Amino acid sequence: MPELPEVETTCRGIRPHVENKSIREVIVRQPQLRWPISAEISRLLPGQRIKKVSRRGKYLLLNLAAGCVLIHLGMSGSLRIAKKSEEIKKHDHVDIILKNGDILRYHDPRRFGCMLWAGAQPLKHVLLEKLGPEPLSDDFNMNHLFTLSRKRSAAIKNFIMDSHIVVGVGNIYANEALFAAGIKPRRQAGKVSKASYIKLVASIKKILAEAIEQGGTTLRDFVGGDGKPGYFKQSLSVYGRGGENCLKCQTVLKEIRLGQRSTVYCPKCQS
DNA sequence: CGAGCAACCTGCATGC
DNA sequence: TGCATGCAGGTTGCTC
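Here the first sequence stands for residues 2 to 272, where the numbers follow the numbering used here.
Take a look at the structure:
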């Protein structure tokens with residue numbers, strides 16, 4: 002799925018097409034996502050204007066006068082602008098049809114995503130209220146990670162992938178950021194020094210910002226709001242490169258499993 | 001409380 | 001060609 006850069010890319014891609022546009026109709030072909038799409042989505046949206054499109058962590062928010070639609074893309078979801086002449090493909094689960102005929106089309110083969118009606122206070126929704134800070138904000142800094150990590154025995158990689166600690170760092174960018182910061186993925190979070198957290202925070206911010214600039218990472222099927230893939234894949238140093246040589250020191254990169262996720266690191270550059 | 005992991009679902013690559 | 005297996009960008013919710 003989309004990690005934060007892919008969700009941000011989607012947000013920016015659809016924004017000019019949907020902000021200040023009114024909704025004509027909603028077609029739900031498959032309501033069974035991670036949680037069922039409630040009847041309110043089809044009932045309340047028609048006739049409303051989308052005031053703003055925003056993002057919180059990996060959630061996209063369509064802000065309407067009466068409330069907010071929360072959209073998560075799960076592992077395989079995408080949200081893009083389609084023209085009415087385009088044929089409907091397998092796994093095109095929802096169309097939000099605008100009055101000008103453009104379609105905001107939700108596609109998600111694995112259906113790990115969701116589309117929920119959140120009411121007028123979306124940030125107080127149970128799925129959003131306990132999220133950690135945005136990684137590109139000033140609230141995400143060394144002190145934040147250092148303080149929360151004391152007495153935590155979990156691996157540093159799992160720690161930074163926990164959305165209650167910081168949002169938006171998924172498996173690809175966790176691997177990349179730890180490589181850039183020179184930290185072994187299974188080091189205990191509580192044993193990482195302040196100096197290392199300074200490096201890690203800087204690496205996370207840099208990598209996410211660069212990935213956003215390049216339109217995200219497309220592994221298989223990710224497309225942004227304009228239907229185009231992202232180009233960050235060519236910048237990956239370790240993710241997907243287990244068994245290949247480290248780009249810095251030529252040592253063979255190690256691949257392990259951590260928290261059920263594939264984890265790649267350089268045994269020499271990371272400690 | 002924290003840590004670890006099963007589960008949700010489809011598609012695809014691999015191996016027999 | 002077919003079938004079984006394992007893996008994939010995420011996150012909740014369960015057990016211990």
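Glycine included, each C-beta is placed from N, C-alpha and C at the ideal position.
Given the structure is predicted, the values throughout are model-derived calculations rather than measurements.
Return helix, strand or coil for residue i, following the three-state DSSP convention.
i    : result
N64  : strand
A156 : strand
R13  : helix
Y198 : helix
A83  : strand
S150 : helix
R30  : coil
Y240 : coil
R56  : strand
R25  : strand
K234 : helix
P37  : strand
R1   : Here the chain comprises residues numbered 2 to 272, so residue 1 is not present and cannot be evaluated.
L220 : coil
L71  : strand
H94  : strand
N142 : coil
L132 : coil
Would a C-beta distance cut-off of 8 Å place residue i and residue j closer than the cut-off?
i    : j    : result
S204 : A190 : no
G171 : G114 : no
R25  : P47  : yes
V70  : L63  : yes
N343 : V239 : With the chain running from 2 to 272 in the structure shown, residue 343 is simply not present.
L61  : V127 : no
L34  : A67  : no
V265 : N159 : no
S23  : K84  : no
P134 : I157 : no
L201 : I184 : yes
L124 : V168 : no
L259 : L5   : no
Between the Cα of residue i and the Cα atoms of the options, which residue gives the shortest distance?
i    : options                : result
I15  : I97, G75, A40          : I97
P3   : T218, L129, K53, T252  : T218
T148 : M162, L132, S138, I166 : I166
C12  : Q49, P186, I72, K234   : I72
S236 : V224, G226, L220, K229 : L220
Y21  : S86, D103, S164        : The sequence shown places Asn at residue 21, not Tyr. Cα-wise, what sits closest to N21 is D103.
K249 : Y232, K234, P268, E256 : P268
I51  : I38, L65, G58, K59     : L65
R111 : P123, K84, G78         : G78
K152 : K200, V193, S43, L209  : V193
Here's the rule: buried if 16 or more other CB atoms are within 10 angstroms of the residue's CB, otherwise exposed. What is residue i?
i    : result
P136 : buried
R56  : buried
P17  : exposed
A40  : exposed
G225 : buried
R106 : buried
K53  : exposed
- Of all the beta strand (DSSP E) runs that stay within the bounds of the stretch 98–127, which reach a length of 3 or more residues? The stretch 98–127 contains these whole beta strand (DSSP E) runs: 104–108, 115–118.
- Task: Can you check the stretch 162–213 for any beta strand (DSSP E) of at least 3 residues that lies completely inside it and give the ranges in chain order?
- Result: Correct list: empty.
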